[in-house]
Amino acid sequence: MGMTDPLKGFGVTLSKMFKTVLTEEYPEVKKIPAPRFHGKHQLNRHPDGLEKCVGCELCAWACPADAIFVEGGTNTEEERYSPGERYGFDYQINYLRCIGCGLCIEACPTRALTMTNEYETADDDRRNLIYTKEDLLAPLLPGMEQPPHGMRLGEDEQDYYVNGPELARRQGVPENTTVETGDEEAVR
Amino acid sequence: MTVASASGNDTAEPRPVPEGHVRLTIDGIEVDAPQGELVIRTAERLGIVIPRFCDHPLLDPAGACRQCLVEVEVNGKPMPKPAASCTLAVSDGMVVRTQRTSRVADKAQQGVMELLLINHPLDCPICDKGGECPLQNQALKHGRADSRFVDQKRTFAKPVSISSQILLDRERCVLCQRCTRFSKQIAGDPFIELLERGALQQIGTGEEQPFQSYFSGNTIQICPVGALTSAAYRFRSRPFDLVSTPGVCEHCSSGCSQRTDWRRGKVMRRLAGEDPEVNEEWNCDKGRFAFRYATAADRFTTPMVRDSESGRLRKSSWTEALRVAAEGLLDARDSGGVGVLPGGRLTREDAYAYGKFARMALRTNDVDHRARPHSPEELDFLGAAVVGTGPERGAVTYADLEAAPTVLCVAFEPEEESPIVFLRLRKAARNGGTRVFHLGQWYSPGVEKTTDVMGAGGPVHSGELLRCLPGEEAVALSELPEEVERGLSEPGAVLVVGERGARIPGLYSAAMRAAERTGARLAWIPRRAGERGAVDAGTLPTLLPGGRPVTDPVVRADLERQWGAEEGTIPGRPGRDLDGILAAAESGELSGLLVGGVDPEDLSDPARADRALRAVDFLVSLELRPTGVTEHADVVLPVAPTVEKSGTFLNWEGRPREFEITIEGTGAVPDCRVLDTLAVEMDVDLFTQTPAAVAGEIERLGPNPGVRPQPPDVSAQAPPRPGPGRALLATWRHLLDNGSLQDEEPHLAGTARPPVARLSAETARQLGVSAPQPVVITTDGGGELTLDSEVVDMPDGVVWVPGNSGESRINRKLGLGHGAVVDIAASSAPPRGGVTDPEDAAGAEVPAGTSEREIPLTAVHERYRTNGHAGHGGPNGNGRADNDGGSRQADGGGA
Ligand code: SF4
Ligand code: SF4
Ligand code: SF4
Ligand code: SF4
Ligand code: FES
Numbered sequence: 003m004g005m006t007d008p009l010k011g012f013g014v015t016l017s018k019m020f021k022t023v024l025t026e027e028y029p030e031v032k033k034i035p036a037p038r039f040h041g042k043h044q045l046n047r048h049p050d051g052l053e054k055c056v057g058c059e060l061c062a063w064a065c066p067a068d069a070i071f072v073e074g075g076t077n078t079e080e081e082r083y084s085p086g087e088r089y090g091f092d093y094q095i096n097y098l099r100c101i102g103c104g105l106c107i108e109a110c111p112t113r114a115l116t117m118t119n120e121y122e123t124a125d126d127d128r129r130n131l132i133y134t135k136e137d138l139l140a141p142l143l144p145g146m147e148q149p150p151h152g153m154r155l156g157e158d159e160q161d162y163y164v165n166g167p168e169l170a171r172r173q174g175v176p177e178n179t180t181v182e183t184g185d186e187e188a189v190r
Numbered sequence: 003m004t005v006a007s008a009s010g011n012d013t014a015e016p017r018p019v020p021e022g023h024v025r026l027t028i029d030g031i032e033v034d035a036p037q038g039e040l041v042i043r044t045a046e047r048l049g050i051v052i053p054r055f056c057d058h059p060l061l062d063p064a065g066a067c068r069q070c071l072v073e074v075e076v077n078g079k080p081m082p083k084p085a086a087s088c089t090l091a092v093s094d095g096m097v098v099r100t101q102r103t104s105r106v107a108d109k110a111q112q113g114v115m116e117l118l119l120i121n122h123p124l125d126c127p128i129c130d131k132g133g134e135c136p137l138q139n140q141a142l143k144h145g146r147a148d149s150r151f152v153d154q155k156r157t158f159a160k161p162v163s164i165s166s167q168i169l170l171d172r173e174r175c176v177l178c179q180r181c182t183r184f185s186k187q188i189a190g191d192p193f194i195e196l197l198e199r200g201a202l203q204q205i206g207t208g209e210e211q212p213f214q215s216y217f218s219g220n221t222i223q224i225c226p227v228g229a230l231t232s233a234a235y236r237f238r239s240r241p242f243d244l245v246s247t248p249g250v251c252e253h254c255s256s257g258c259s260q261r262t263d264w265r266r267g268k269v270m271r272r273l274a275g276e277d278p279e280v281n282e283e284w285n286c287d288k289g290r291f292a293f294r295y296a297t298a299a300d301r302f303t304t305p306m307v308r309d310s311e312s313g314r315l316r317k318s319s320w321t322e323a324l325r326v327a328a329e330g331l332l333d334a335r336d337s338g339g340v341g342v343l344p345g346g347r348l349t350r351e352d353a354y355a356y357g358k359f360a361r362m363a364l365r366t367n368d369v370d371h372r373a374r375p376h377s378p379e380e381l382d383f384l385g386a387a388v389v390g391t392g393p394e395r396g397a398v399t400y401a402d403l404e405a406a407p408t409v410l411c412v413a414f415e416p417e418e419e420s421p422i423v424f425l426r427l428r429k430a431a432r433n434g435g436t437r438v439f440h441l442g443q444w445y446s447p448g449v450e451k452t453t454d455v456m457g458a459g460g461p462v463h464s465g466e467l468l469r470c471l472p473g474e475e476a477v478a479l480s481e482l483p484e485e486v487e488r489g490l491s492e493p494g495a496v497l498v499v500g501e502r503g504a505r506i507p508g509l510y511s512a513a514m515r516a517a518e519r520t521g522a523r524l525a526w527i528p529r530r531a532g533e534r535g536a537v538d539a540g541t542l543p544t545l546l547p548g549g550r551p552v553t554d555p556v557v558r559a560d561l562e563r564q565w566g567a568e569e570g571t572i573p574g575r576p577g578r579d580l581d582g583i584l585a586a587a588e589s590g591e592l593s594g595l596l597v598g599g600v601d602p603e604d605l606s607d608p609a610r611a612d613r614a615l616r617a618v619d620f621l622v623s624l625e626l627r628p629t630g631v632t633e634h635a636d637v638v639l640p641v642a643p644t645v646e647k648s649g650t651f652l653n654w655e656g657r658p659r660e661f662e663i664t665i666e667g668t669g670a671v672p673d674c675r676v677l678d679t680l681a682v683e684m685d686v687d688l689f690t691q692t693p694a695a696v697a698g699e700i701e702r703l704g705p706n707p708g709v710r711p712q713p714p715d716v717s718a719q720a721p722p723r724p725g726p727g728r729a730l731l732a733t734w735r736h737l738l739d740n741g742s743l744q745d746e747e748p749h750l751a752g753t754a755r756p757p758v759a760r761l762s763a764e765t766a767r768q769l770g771v772s773a774p775q776p777v778v779i780t781t782d783g784g785g786e787l788t789l790d791s792e793v794v795d796m797p798d799g800v801v802w803v804p805g806n807s808g809e810s811r812i813n814r815k816l817g818l819g820h821g822a823v824v825d826i827a828a829s830s831a832p833p834r835g836g837v838t839d840p841e842d843a844a845g846a847e848v849p850a851g852t853s854e855r856e857i858p859l860t861a862v863h864e865r866y867r868t869n870g871h872a873g874h875g876g877p878n879g880n881g882r883a884d885n886d887g888g889s890r891q892a893d894g895g896g897a
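Protein chains in written order, with this note's numbering: chain P, 3 to 190; chain Z, 3 to 897.
Now the structure itself:
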């Protein structure tokens, strides 16, 4: 150890004093993550408010952390939650397990499951970290109505799938955005 | 099979080709194959898998899918084109090259696969078959890596319901015709057919004719794609998410092996297991679909005790319930005695525990599992001809039925009462030239399908219906037509008697005499799965375990010693049968009853059963769900359903069908365990804690060391001749009926046969009825039943009604059975329209959002749409956190 070493050390400290600070002022100032950040999940809706999830359980199967539990239910004409035959009757994601890998949203065949930028999923109680369908469902945007209700936008589920973007336009969702990605959601 | 490697020792003598065999080469391996074997089978034996869709070992070859193409050389000359190995029989000197060694074969297979995938949707992610799909697997193994198909795929409106249970997604079908061939060749219900041609070709039902088959579920299992699904399982779970446990069906005495697929403590579906000796690869729809009763909301989960103050059942602890039950039973035993009614649905082990409990803890022989019409004659018959028999002791087996030159069914309707026996009889009639005769009243579907069979080469007339009056069967059996008598005298002929024989005085005696006279072998086929095992387990008033007669003091003393009981514990007098027990309970002679799985509706006189249950001082019920017994019970002890316990059923052959516990850890306990603990409370040790312990004890006891009881000798009586306005009642039960084990299955119920009263044209004319105008059947006892009528070819002065279907609950409503005289008249009520509307059936839940489902197929063209179907994913543009890029690309060959 040489004589000048302590001085070198102070030199480093001194030079850092004039550089930009990396410290995040969280939670006073919330950081906006990158657009494709893998945050909390969202269960999306069709433009009339019907749910997109068909209860197929593929997300649960894709999940490497076994964080998702799905059980499907059958739609009836009187009680309909999604277009088509089935809907997600019970849907839970356990955020104590989720590693945010996003494999579940890749697996979803109906784009029912996407991820938002919401990253504040921490708590001191296990129960609060198992999100249920109510916690995960996208909020009702203008033009949407809380299911159960009939298929407002087509005769059968094919109309919803094939004409999806077109239906969204008609409901007032701007060009180049979808129900899930519209401005309304960015505010959330 | 002999395999001689091509690189074998050249200097060795060439092996001679065994007789009836040919020698050929497959992929360079020399092999001897029996003449007539199909190339695909021979290759299979060598471990060479040729891809296939339509080929099925139990169906006639069809060559429909062309997936199994191989390159063939016969007599040194190559065949001009690759040939389908599933329709090609081996021949001497043939050289076969499969996809493993031939580029031509491989390319041909890839081409066929590509064509199949052009018309196949990208449904895999939402398809029930995904994960266990031969098309997926073989496409990966034998298909091209990528697709050249860029156009829009065909789509059909989906799904089409073929029955209330079976749904068809037409665009998934690869037109292999397995389902149509199964319905035609195996089940004999040719209702699904190939319709249309070319790209429009599809499977469908003929118009106005629902696919009504008791075996329809098998088509789902053999469909090599996900085109056929059941309303009960469609979209419920994924194959890789299920635990598969082998088991045995608890419904009828056929004894099918099955596979139960379950998860999260709930059975999701059941499939036919493979057992060439019993059910081959098939089962019936009841076995496949009727399992939800076990998860019904009203299932008992805790014991219940009747509250002395409120008079209502209240939940209690096991400790309390067992104490109350033990005290009550001890009191009842010491005052008038206790009768035991175990019911006919138990495993052999559970039945054994009931029998032992009756003798050891209750010191009585008043035990009878026959919760149905029965007779003392039947009791003698079971002791003399049934108990202790089995395949290894020379009893009739399925294989014997198949090989028999002649089979005569008496008081037995195979399709309704033991469906797998029906399938075997059909197979025998179709392939082996077995003559099948039925002694009955009318040309029922089951009779028709076993006597007039469509064989591979054309229609086969394989038997006859011998018409007789109901109740006349015993007389008819002693005066059989010459042809039948001769047929039964041929070696290997079989005479089958059903449990309904108990309703016909003298029938069992006549059957035993006929068997002796002709040399035919005798088989008894009961309806319920537990009946046969209970006979051996000793739950009859005259028989101890293994068929030991209670009247034999030596045998009795020996059993007492083995059971560690005091001398004289087992009474030496035969006990009362079920009717006797109920009569004694009603009159107050018996003070207590211990009742297992008995539904009063099944008994010959449900009203009397109700009175008896009410009259008795103390009633203990071991049940799964509420029945007519529950409302009178003082203590209710919950027991495990079949999936939650292990045990053994004996099927009608006497073959042990063991099964292990499927769903563990539910806390449900089998009857034998409950009885063991109850006995301990009464200071008696049964040693029946577990089914395994009981099975060990049954094994140790062995068969009856004494002599067999004497056969019955009851003389046959001609039935009375009813006057005008009266008729003889003929009846048996449908396979799918009001039985409580079929609860909670509306889709299955929708495929049940509608209840109608059947009469001859002459009887209908005399009554002034024109079908389907309803008839009203009344009895002297005040019973009344109104049913739509149908005219069939049957003896005059007879009316047939189903035993327990819909309204037609004849035990309750008429209090009379087969062979009784009833009054019959035309009813002024309008016909109800016999066909059960599947959508109405008990509020069947029907997949919604499929408004096209009811369209007749003729209208299908207009529905034929090619409006693209973009990979089923929601084409909603791009999400932020979502990579919709290439991963879900709509790609013709991606399946
Ligand atoms: S993001 Fe990954 S870990 Fe989280 S639920 Fe989805 S698949 Fe599972
Ligand atoms: S979120 Fe998507 S993948 Fe998950 S069950 Fe629903 S539809 Fe299926
Ligand atoms: S290949 Fe066809 S039948 Fe098989 S899983 Fe995929 S969609 Fe279903
Ligand atoms: S429905 Fe299935 S079994 Fe029937 S022809 Fe089509 S693919 Fe074959
Ligand atoms: S399996 Fe040979 S043609 Fe189908």
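Virtual Cβ for every residue (Gly too), placed ideally from N, Cα, C.
- Counting C-beta pairs closer than 8 angstroms gives three or more between the segment 741 to 754 of chain Z and the segment 293 to 313 of chain Z, which meets the contact rule.
- Remark: C-beta atoms of H371 (chain Z) and A360 (chain Z) do not approach each other more closely than 8 angstroms.
- Contact note: R174 (chain Z) does not reach chain P at a C-beta cutoff of 7 angstroms; the least C-beta distance is about 15 angstroms.
- Following the DSSP letters along the chain, one finds H144 (chain Z) inside the alpha helix (DSSP H) bounded by residues 136 to 144.
- For the segment 115 to 130 of chain Z, the set of residues with a beta-carbon nearer than 9 angstroms to any beta-carbon of chain P comprises P127, I128, in chain order.
- The three-state reading of DSSP puts C106 (chain P) in helix, counting H, G and I together.
- Along the segment 230 to 260 of chain Z, the positions whose C-beta sits under 8 angstroms from a C-beta of chain P are R236, F237, R238, S239, R240, F242, D243, read in chain order.
- Between T541 (chain Z) and G357 (chain Z), the CB-CB gap stays under 8 angstroms.
- Within 8 angstroms of the CB of G74 (chain P), the CB atoms of chain Z belong to F237, R238, in sequence order along the chain.
- For N96 (chain P), the three-state secondary structure derived from DSSP is strand.
- Taken through DSSP and simplified to helix, strand or coil, C58 (chain P) comes out as coil.
- Around the CB of T44 (chain Z), 16 or more other CB atoms lie within 10 Å, so the residue is classed as buried.
- Taking A504 (chain Z) as the centre and dropping the five residues before and after it, the same chain places the C-beta of P375, H376, S377, E380 closer than 6 angstroms to its C-beta, in chain order.
- Within chain Z, the residues placing a beta-carbon under 9 angstroms from that of C58 (chain P) are P127, I128, F237, R240, ordered along the chain.
- Excluding five sequence positions before and after T788 (chain Z), the CB atoms of its chain that fall closer than 8 angstroms to its own CB belong to P776, V777, V778, I779, E809, S829, A831, given in chain order.
- If only complete runs of 4 or more residues are kept, the segment 261 to 329 of chain Z shows the alpha helix (DSSP H) at 287 to 291, in order along the chain.
- In the DSSP secondary-structure assignment, A85 (chain Z) is bridged to Z:V72.
- In this structure S232 (chain Z) is in contact with I222 (chain Z), their Cβ atoms being roughly 6 angstroms apart against a cut-off of 8 angstroms.
- For ligand 2, no non-hydrogen atom lies closer than 7 angstroms to the CB of P393 (chain Z).
- Within the segment 511 to 556 of chain Z, the complete beta strand (DSSP E) runs of at least 3 residues fall at 523 to 527.
- In this structure, C178 (chain Z) has its beta carbon less than 7 angstroms from a heavy atom of ligand 5.
- Using a CB distance cut-off of 8 angstroms, P141 (chain P) does not count as an interface residue toward chain Z.
- Here I826 (chain Z) really is in contact with A729 (chain Z); their C-beta atoms are around 5 angstroms apart, less than 8 angstroms.
- Inter-segment contact for the segment 68 to 77 of chain P and the segment 97 to 111 of chain P is present: three or more beta-carbon pairs are separated by less than 8 angstroms.
- P66 (chain P) is outside the set of residues whose beta carbon lies under 8 angstroms from a beta carbon in chain Z.
- Between F12 (chain P) and K21 (chain P), the alpha-carbon positions lie close to 15 angstroms from each other.
- Under the 8 angstroms criterion on CB atoms, P8 (chain P) is classed as non-interfacial with respect to chain Z.
- Along the length of the segment 379 to 421 of chain Z, whole beta strand (DSSP E) runs at least 3 residues long occupy 408 to 412, reported in chain order.
- Between Y121 (chain P) and A36 (chain P), the alpha-carbon positions lie close to 11 angstroms from each other.
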